[in-house]
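Heads up: the sequence shown is residues -17 to -1, 1 to 674, going by mature numbering (1 follows the signal peptide of the UniProt record, and there is no 0). Right, one structure below, let's go through it.
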Amino acid sequence: MAIAIGIRSLVQVIVMAGTGTTEEGGESQVEDGERETRTREERTGFEGGRGEVSKEKTTEEEGGEERLEAEDREAMRKDLRMEIRMHMGNVCEELHQRLASAIPTKKKDKGKLPVHVSSEEKSDEPEGSDVEAVCEQTEELAVKEKRKRSVERPVGDSPPIKTHAKRASARDVLDPKRLLLSCRRQLLKRSPRKQTPKSLRSARKGKKVPASPGTMGRLMFVTDNLRELGDRNIEDLKQICRSEDVPYEGKPVCRRSKMKSRRGKRERAKCDAEARRVPPKESNRLQTVLPVKTKVLDEDDWSVDFYRLILKQDGAAAQRFNFTVESGNAWCGGWKSVTRAFESSIVRWGRQRKRLSMCKLDFERGGIFEMVMLVKWVSKASPDKRFLISLFRNPCRLEVLKACSPEVLLRLSKAAGDFHKAFSAAYLRRFVVRAIKEVYGWKLIIRLKYDDRIRLVEVRKLVNDKIEALTILSCLKDAARGMIQIVWVKNPSIVEMIHNQRRFARAEVSTCVCAGLPYPRVGGHVQFRLQELEWINPRICHALNVPKLCVSSRTKPLGREIAAGFVDWRNWTGPDVSCRDSELSNCMSGSTGEREKFLNPLEVEKVKSVLGGLVLTPVDRNPGKTLVMCPASYYEAMMGMFVTTAGYTIVKESEAEVHQIMRSRGKELDLQKFVRWDGKETGPQRIGWIV
């Protein structure tokens, strides 16, 4: 009983706090009525004149004081509701625990759900009550007659509907479907009967084939046995081999290892050529080593090193010359060094023209050859590329890029394209561009408000002309012309212009300001959708629409936007960039846009000013529709949905303390394997979840 009395008192306090009634309720109602009348008069004066100013400052001061008093009263009421919510939550939890521990459970037969039985039930209901008598009479009831349909009622002037009675067929005609034994169609051809297969005993024992003497007899014996065994499966063959004491060997299958990859086309052709090659005849005598000697026809000295001979001719800038080769089988200095340096050179021998890498066997046979074109391979690895390679080996040298001049950085950016792998080139260019951006800032960004009359091609030409007129390095000019970015800036939409629900959500308390407003109401407060107003523009009802700037001359704002882009550029150090009217007029199209239909931003601002003080919020997270409501209704909805609801717990500790408590509870319950925390523990928000 004490618990029930305590709950009733708490409920009364909540009702008093929600309605705002106190012992001095009459005085507060009078004050509220006066305030509503005064607010109605102010709103009427604002809508009628809209430019009139109150003559007496004392009235404004009194209105401000009353508003502050109402906000203080609402803040006190909010604190009281939060305190009551905290105490009520604790009381409900404690009451639930007590009831769960005090009420015993009793299970019925046949596995029914547990039924709670209290000891006070027997004392509350007297024996032989009216309820028991009614229950006994109900048990005796039974359905004796079949329920019949009532007579159909006539509808209007139409007669009642009558259906014909079901009658049997007048003629004794048999149903042809009942004469059929099956609905399946009859087969045109019957399958022949098959005999039962023989037992497996004869298969296990094997058929004895008689053999006649002689060669033909043995051949017929082997052939008949092969035919007999060929019709059997593997299990029968294994059984026969087991009975005859003969080892069973299956057919060998060539299985390629999964780890062994198949050779390519060139490797297979090379292996086939080696297999077709005739091996030399073996001899006990050692093979003699004869070095290949070469000399130029104009010279008398023979040279054993063919690489140095060609390198000497390349140093003398002799791309065409004749040379003699003496037969041999050994190359001093190696043939590979010759092919690496002069692989693409062209050699003529008789009527044939070959590349130098294909003439090894011809040189070993000897003869007179002509070098048609001497070409030496030169590595593309410039000093810039070698420096970039060193960055891969030592990433700490990336800070050196910031100390380089803009000419060197641009040269390094081009040298990064010499790498064959796209990942390597992108990795190096990322650091080079970052160094240029941090030190010099070569990107020029021009931000323009969207207007379909602007021609971007002409704007880019105009910006290039202004870059050429600047007094900066030529390398920066070239880079800036290639890195110009013209960005459209989105005009503010209706959502960004009139929706203000976030501002009211951050407010501590909100009071009623809708007294005297001529708008639809729900529950005593203003609440309606924007399209319900008759004088509203239909384009404003859809909040995703974007108003268009109603500017007849767009050239001057365009010139200011281009000049602002140069001011934000880090390399700009000269005077202000100014554009002539003739240059700006070339950037605009011929249409003026006077006959086009569009939404004027001034109309949106007018709606915002008329509905000032009210909450304009999207409907159900859909920014297309706008809901207008009183701040007091919005405040009560936020309190009822989040602050005072049973799903949320009001805590007075700081966020760090709450997270520490959650971590400690997770350790106590041994949930470390299931609980996960995000890595950004130093940020303002940390998230924890259970898998």
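For each residue, glycine too, the CB sits at the ideal point set by N, CA and C.
Item: Using a Cβ-Cβ cut-off of 8 Å, state whether Val505 counts as contacting chain B.; Value: In the structure shown, chain B does not exist; there is a single protein chain.
Item: Let me check one thing: in DSSP terms, what residues is Asn305 bridge-paired to?; Value: Glu353
Item: Which value, in whole angstroms, describes the spacing of the CA atoms of Cys458 and Glu566?; Value: 26 Å
Item: Within this structure, are the beta carbons of Gly548 and Ile450 separated by less than 8 Å?; Value: no
Item: Only counting the same chain, and skipping five residues up and downstream in sequence, which positions put a Cβ closer than 8 Å to that of Lys278?; Value: Asp284, Trp285, Ser286, Leu292, Phe306 and Thr307
Item: Going by beta-carbon coordinates alone, are Leu597 and Thr609 separated by less than 8 Å?; Value: no
Item: Leaving aside the five residues before and after Lys591 along the sequence, list all residues of the same chain whose C-beta is less than 6 Å from its C-beta, in chain order.; Value: Ile481
Item: Count Cβ pairs between the region 610 to 617 and the region 496 to 509 that sit closer than 8 Å; are there 3 or more?; Value: yes
Item: Straight-line CA distance for Ser327 to Gly349?; Value: 21 Å
Item: Closest to Val317 by CA distance: which of Lys343, Arg336, His525 and Glu309 is it?; Value: Correcting the residue type first, residue 317 is Gly in the shown sequence and not Val. Here the closest residue by C-alpha is Lys343.
Item: Give me whichever residues DSSP pairs with Arg201 in a beta bridge.; Value: Arg201 is not bridged to any residue.
Item: Taking the CB atoms as reference points, tell me whether Gly311 and Glu347 lie closer together than 8 Å.; Value: yes
Item: Who pairs with Lys432 in a beta bridge, going by DSSP?; Value: Val472
Item: How long is the line joining the alpha carbons of Leu445 and Gly424, rounded to whole angstroms?; Value: 20 Å
Item: Could you check which residue in Val355, Glu57 and Val321 has the C-alpha nearest to that of Arg334?; Value: Val355
Item: Where in the region 545 to 606 do unbroken runs of the alpha helix (DSSP H), each at least 4 residues long, occur, reported from the N-terminal end onward?; Value: 564 to 569 and 584 to 593
Item: With DSSP collapsed to three states, give me the class of Arg438.; Value: coil
Item: Rank Asp345, Trp360 and Ala398 by C-alpha distance to the C-alpha of Phe370 and give the top, closest one.; Value: Ala398
Item: Below 8 Å on the Cβ atoms is my guess for Leu513 versus Val587; work out the distance and round it to an integer in Å.; Value: Rounded, the Cβ-Cβ distance is 11 Å, inconsistent with contact.
Item: Compare the beta carbon distance of Glu441 and Cys562 with 8 Å and say whether it is the shorter of the two.; Value: no
Item: Counting only the same chain and skipping the five closest in sequence on each side, list residues whose C-beta sits under 6 Å from that of Val478.; Value: Ala526 and Pro606
Item: Report the rounded CA-to-CA distance for Leu500 versus Val593, giving the unit in angstroms.; Value: 11 Å
Item: Taking the C-alpha atoms as reference points, what is the distance between Gly86 and Glu77?; Value: Here residue 86 is Ile; the residue named in the question, Gly, does not match the sequence. The straight-line gap from Cα to Cα measures roughly 14 Å.
Item: Could you name the residues of the same chain whose beta carbon sits closer than 6 Å to that of Asn520, not counting the 5 residues immediately before and after it, in chain order?; Value: Glu586
Item: Would Val658 pass as a contact of Gly649 if the rule is Cβ separation under 8 Å?; Value: yes
Item: Runs of 4 residues minimum, wholly inside the region 315 to 353: which ones carry the alpha helix (DSSP H) assignment?; Value: 318 to 325 and 343 to 348
Item: Roughly how many whole angstroms lie between the Cα atoms of Leu654 and Ala639?; Value: 20 Å
Item: Nearest CA to the CA of Asp435: which residue from Leu220, Lys359, Gly200 and Phe581?; Value: Phe581
Item: Considering only DSSP beta bridges, list what Arg251 is partnered with.; Value: The partner list for Arg251 (beta bridge, DSSP) is empty, contrary to what the question assumes.
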